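Right, one structure below, let's go through it.
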Amino acid sequence: MTTDCLHCGDPVPQHSEGGADFCCKGCRGAYELINGLGLKTYYERRVIDPDAKVLRPEDDVVKIDYRAHINDENGLKTLYLMVEGIHCAACVWLIETVLGKQDGIVQARVNMSTRRLVLKWREEALDPNDLIAKISALGYRLVPYDPCLLNSENEKQEKELLRAMSVAGFAAANVMLFSVSIWAGYSQGMMESTRDFMHWLSALVALPAVAYAGRPFYRSALTALKARRLNMDVPISLAVLLAAGMSLFQVINGAEHAYFDSAISLLFFLLIGRYLDRRARGRARGAAEHLLGLNAVAVTVLSEDGNKTLLPPEQVKVGMVVLCAAGERVAVDGQIIDGISDIDTSLISGESVPVMAKVEDKVFAGTVNLSAPIKIRVLATGEGTLLAEIVRLMEEAEAGRANYVALADRVARYYAPVVHLLSFGTFIYWFFFAGVVWNEALLNAIAVLIITCPCALALAVPVVQVIASGRLMRQGILVKTGTALERLAHVKNIVFDKTGTLTLGRAELVNKEKIAQTDLELAAALAGTSKHPLSRALCRALPHIAVKSGVLEVPGCGLQWEKVRLGSRQWCGLAEAPLSDGPELWLDKGDGVPVCLQFADHLRPDAKEVVTRLQASYQTHLLSGDRVEPVRKVAEELNIQDWKAQCSPADKCEALTHMEAALMVGDGLNDAPALAAAHVSLSPSTAIDVSQTTADAVFQGDKLKAVLEVLGVARKAERLIKQNFGLAFLYNSVTIPLAIAGYVTPLIAAVAMSTSSLVVIANALRLSKGKVS
Amino acid sequence: MTSLLYLIPAMLLLGGLGLAGFLWALKSGQYDDMEGNASRILYDDDDKPLPPEEKI
Numbered sequence: 004m005t006t007d008c009l010h011c012g013d014p015v016p017q018h019s020e021g022g023a024d025f026c027c028k029g030c031r032g033a034y035e036l037i038n039g040l041g042l043k044t045y046y047e048r049r050v051i052d053p054d055a056k057v058l059r060p061e062d063d064v065v066k067i068d069y070r071a072h073i074n075d076e077n078g079l080k081t082l083y084l085m086v087e088g089i090h091c092a093a094c095v096w097l098i099e100t101v102l103g104k105q106d107g108i109v110q111a112r113v114n115m116s117t118r119r120l121v122l123k124w125r126e127e128a129l130d131p132n133d134l135i136a137k138i139s140a141l142g143y144r145l146v147p148y149d150p151c152l153l154n155s156e157n158e159k160q161e162k163e164l165l166r167a168m169s170v171a172g173f174a175a176a177n178v179m180l181f182s183v184s185i186w187a188g189y190s191q192g193m194m195e196s197t198r199d200f201m202h203w204l205s206a207l208v209a210l211p212a213v214a215y216a217g218r219p220f221y222r223s224a225l226t227a228l229k230a231r232r233l234n235m236d237v238p239i240s241l242a243v244l245l246a247a248g249m250s251l252f253q254v255i256n257g258a259e260h261a262y263f264d265s266a267i268s269l270l271f272f273l274l275i276g277r278y279l280d281r282r283a284r285g286r287a288r289g290a291a292e293h294l295l296g297l298n299a300v301a302v303t304v305l306s307e308d309g310n311k312t313l314l315p316p317e318q319v320k321v322g323m324v325v326l327c328a329a330g331e332r333v334a335v336d337g338q339i340i341d342g343i344s345d346i347d348t349s350l351i352s353g354e355s356v357p358v359m360a361k362v363e364d365k366v367f368a369g370t371v372n373l374s375a376p377i378k379i380r381v382l383a384t385g386e387g388t389l390l391a392e393i394v395r396l397m398e399e400a401e402a403g404r405a406n407y408v409a410l411a412d413r414v415a416r417y418y419a420p421v422v423h424l425l426s427f428g429t430f431i432y433w434f435f436f437a438g439v440v441w442n443e444a445l446l447n448a449i450a451v452l453i454i455t456c457p458c459a460l461a462l463a464v465p466v467v468q469v470i471a472s473g474r475l476m477r478q479g480i481l482v483k484t485g486t487a488l489e490r491l492a493h494v495k496n497i498v499f500d501k502t503g504t505l506t507l508g509r510a511e512l513v514n515k516e517k518i519a520q521t522d523l524e525l526a527a528a529l530a531g532t533s534k535h536p537l538s539r540a541l542c543r544a545l546p547h548i549a550v551k552s553g554v555l556e557v558p559g560c561g562l563q564w565e566k567v568r569l570g571s572r573q574w575c576g577l578a579e580a581p582l583s584d585g586p587e588l589w590l591d592k593g594d595g596v597p598v599c600l601q602f603a604d605h606l607r608p609d610a611k612e613v614v615t616r617l618q619a620s621y622q623t624h625l626l627s628g629d630r631v632e633p634v635r636k637v638a639e640e641l642n643i644q645d646w647k648a649q650c651s652p653a654d655k656c657e658a659l660t661h662m663e664a665a666l667m668v669g670d671g672l673n674d675a676p677a678l679a680a681a682h683v684s685l686s687p688s689t690a691i692d693v694s695q696t697t698a699d700a701v702f703q704g705d706k707l708k709a710v711l712e713v714l715g716v717a718r719k720a721e722r723l724i725k726q727n728f729g730l731a732f733l734y735n736s737v738t739i740p741l742a743i744a745g746y747v748t749p750l751i752a753a754v755a756m757s758t759s760s761l762v763v764i765a766n767a768l769r770l771s772k773g774k775v776s
Numbered sequence: 013m014t015s016l017l018y019l020i021p022a023m024l025l026l027g028g029l030g031l032a033g034f035l036w037a038l039k040s041g042q043y044d045d046m047e048g049n050a051s052r053i054l055y056d057d058d059d060k061p062l063p064p065e066e067k068i
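In order, the protein sequences belong to chains A and B.
The opening residue of the first sequence carries number 4 in my numbering; numbering runs sequentially from there.
The opening residue of the second sequence carries number 13 in my numbering; numbering runs sequentially from there.
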């Protein structure tokens, strides 16, 4: 009977290193640390999400020297860290309390929304590495970040919008109160002096607010005008400023009508939309950045006297010797001068089986060193690496896409001149033909500007997008760019990458049934000591097998324990054979009759279903960097007619240029240029950082269904946006004639404006629930 | 109508106080972590405030 580990809740394997109650030494250490500090309530407080496992403390994580990242702030030592593994508020409490119990700590504060920790302490003697080792021992991973670089621009803008929104909200509420009494005064007979007094009060509140809260719009409008373009913010700014300016003029002259309420509530509504939009996208981008930041690594450089120093990748120079530990990502291009290992090149080539690398072989930045430490002489760094080459290719491809103009701006291009002409025409008509005084003619002209108020139009797109991205975010899909949804709605072709996109990107044991149980257990017991993906796959297939001690790993060949060998064909004394379908391992128990363990990279569980459903409305394609055989197999299994194997990154870009409105779904570095070149792109959250940054949206989880969902939501969003535009135009076609005829009073303007905005918002809300096809 | 003379300034003052309070809260970082703060109040530890000079 198995028991559950007291720390992580996984079943405890037999002969566990951690004793009877724990699955491993790490969990036991974490439990003892928590208990020792008297924080046992953590286990009662935590709420474990069944999908997100408690992180198990690992002893083999890449060591970071945190001392290099200390900032000095007002005499306090400060460290900014990103935390991986926070799943509920109890984690926040645990981290803060454990750190808070250390002497000298002044502040330890975790921000749960952004998963960041700020640590401040006073004493010089306190070693941050010790502090952080305690948290790492609990199973969290901490990575330093630079607070100036990360997200600060975005946060600043978000805060500015929030401030502007609160000011506009305050002013709108108060001006509305004055306006209600003025409107009431029309019917009940208010004294002129009282009305003017109320108007003056409105001006007092509204004018500073308009000047302050409108700045985000004015700035954007000015930028657009400077570039000789028109965007939605131009008519908005013009309407607000003219309405406020004209009202002031009216009030000075003691006139009957003033439009302060229209001007300020227009701003308030628009700022709500703008703020929500910014926040939804900021959160998606923040989450994506968080995933990326965790990959930050330092390079271990060996100096001539044998000393090791950790340097950031940009400080490494050609000719230096770099040590790359097993399991680490290679950060430079270079040549191996010592050691043999297996290199996982899947991110560059798309090839799923690791290749053996020995002295004199070349390795490239972005690949992962799997089995043994190697020393590399640096041949190229930073800009000179193959990785940078691919990134450049990607940036070129991206430049082409920058030409896409958002739907709202395309509408504004036609809409703004029409409105401005109408307004000008109204002035001409009243002044020259109807023969009224100039300021009355101007009043009517401005009424046209206000009533065609871009409110509904300006809200039409952002409200729908906010609701759409909120809905997608709940399903683990992060939409990062503003126009991604619009572009997704026009997709005609869908291009998939194979490894890691259609497949899970990890090998699984396939012939488990055909092998004797004792052989399997023996193989797994050996494999437990190795980091090679096939060994890992074997351990996943047979969990809870006690690991043998004294297993020797021979890089590039396999494992040996006494007379038992586990590894490649040659390692078990067999002749070289033609490449088979998938990777394989051989087990030789010393009796000379090796057993073959076959592996395959499985398709995502719902790949078949999703591709079939996509084929009903889209053309599907498969472009892979892998060998012909595995690609053909996947293409046949999924019934994708158009497939191509052994594509270089440039080939993929080239293929995309012949397709109309293509959606690229890919994860590897070799896909990154294609992701940038495609009309729109999607990548799984297991993808390499460069791809995630490039892709318009990132999806989490094992299911490919996200592709269907994202396309469905995008199409529905497109439909709703068009409906919203329709509603806004319908409303305008009724009110513009009224305004031109000079019938619009502030009361009519206020009612018409709020109803049109509410209708647009209500229509957009339909997206939050219900099924999308 | 004379009641307006003190009601309106009172209204503006109260509204203005609310606005100032909100802007202060925003500036002092109280809106930075909505998710964390929502659950933090559930733990009744001795969460002592920072000494005044350490306030961030």
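Positions of the beta carbon are idealized from the N, C-alpha and C atoms, including for glycine.
Being a predicted model, the structure only gives us computed values, none of them experimental.
What B/Tyr18 touches in chain A, judged by beta-carbon distance under 9 Å, is nothing: the nearest beta carbon there is about 14 Å away. Within the region 597 to 685 of chain A, the complete alpha helix (DSSP H) segments of 4 residues or longer fall at 610 to 618, 631 to 641, 652 to 660, 675 to 680, listed in chain order. Between the C-alpha atoms of A/Lys566 and A/Gly142 there is a straight-line separation of about 37 Å. In the three-state scheme derived from DSSP, where H, G and I count as helix and E and B as strand, A/Asn442 is classed as helix. Only residues of its own chain outside the window of five on either side were considered, and among them Phe181, Ser184, Ile185 have a CB closer than 7 Å to the CB of A/Met201, listed in chain order. Taking A/Leu84 as reference, the option from A/Leu685, A/Ile135, A/Asp336, A/Trp96 with the minimal CA-CA separation is A/Ile135. For A/Ala214, not one C-beta of chain B is nearer than 8 Å to its own C-beta.
Listed as beta-bridge partners of A/Phe702 by DSSP are A/Ile480, A/Pro687. Distance between A/Ala23 and A/His10, taken at the CA atoms: about 12 Å.
Burial state of A/Leu768 is exposed, judged by a 10 Å Cβ sphere holding fewer than 16 other Cβ atoms.
Neighbours of B/Ser40 in chain A, taken as residues at a C-beta separation under 9 Å, are lacking, since the least C-beta distance is about 12 Å. Taking 8 Å as the upper bound for CB-CB distance, A/His493 and A/Ala224 are not in contact here, some 28 Å apart.
The C-beta separation of A/Arg284 from A/Gly485 comes to about 6 Å, placing the pair in contact by the 8 Å criterion.
Close CB contacts of A/Val466 within its chain, under the 7 Å cut and outside five residues either way in sequence, are with Gly276, Val763, Ile764, Ala767 (chain order).
Looking at the DSSP output, A/Asp7 shares a beta bridge with A/Pro14. DSSP places A/Gly508 inside the beta strand (DSSP E), whose first and last residues are 506 to 512.
Interface criterion not met: the Cβ of B/Gly33 is under 8 Å from no Cβ in chain A. Below the 7 Å Cβ cutoff, chain B contributes Asp45, Met46, Glu47, Gly48 as neighbours of A/Ser116, in chain order. DSSP links A/Thr81 through a beta bridge to A/Asn74, A/Lys123.
DSSP, read as helix, strand or coil, puts A/Phe181 in helix. Taking C-beta atoms under 8 Å as the contact rule, A/Tyr418 and A/Leu460 qualify, at a distance of about 7 Å. Secondary structure at A/Ser139: helix, using DSSP grouped into helix, strand and coil.
A/Leu569 is positioned such that its CB atom lies no closer than 8 Å to that of A/Leu577. By the C-beta criterion, the region 689 to 708 of chain A is judged to be in contact with the region 600 to 614 of chain A, since at least 3 inter-stretch pairs fall below 8 Å.
Taking CB atoms only, A/Arg49 has no neighbour in chain B less than 8 Å away.
Assigned with DSSP and collapsed to three states, A/Phe220 falls in helix.
With a cutoff of 8 Å on beta-carbon distance, A/Ile449 and A/Met249 are scored as near each other.
Residues of chain A whose Cβ lies closer than 7 Å to the Cβ of B/Leu29 do not exist, since the nearest Cβ in that chain is about 10 Å away.
By the C-beta density criterion, A/Thr455 is buried, having at least 16 other C-beta atoms within 10 angstroms. Contacts with chain B (Cβ-Cβ distance below 7 Å) from the region 155 to 167 of chain A involve Lys162, Leu165, Arg166, listed in chain order. Looking at the DSSP output, A/Ile454 sits in no beta bridge, so it has no partner there.
Taking the beta carbon of A/Trp96 as reference, the chain B residues within 7 Å of it are Tyr55, listed in sequence order. At a beta-carbon threshold of 8 Å, the residues of chain B lying near A/Asn177 are Met23, Leu24, Gly27, ordered along the chain. Scanning the region 314 to 342 of chain A from its first residue to its last, the whole beta strand (DSSP E) runs of 3-plus residues come out as 324 to 327, 336 to 341.
Nearest CB-CB separation between A/Leu204 and chain B: below the 8 Å threshold. Not one beta carbon of chain A lies nearer than 8 Å to the beta carbon of B/Ser15.
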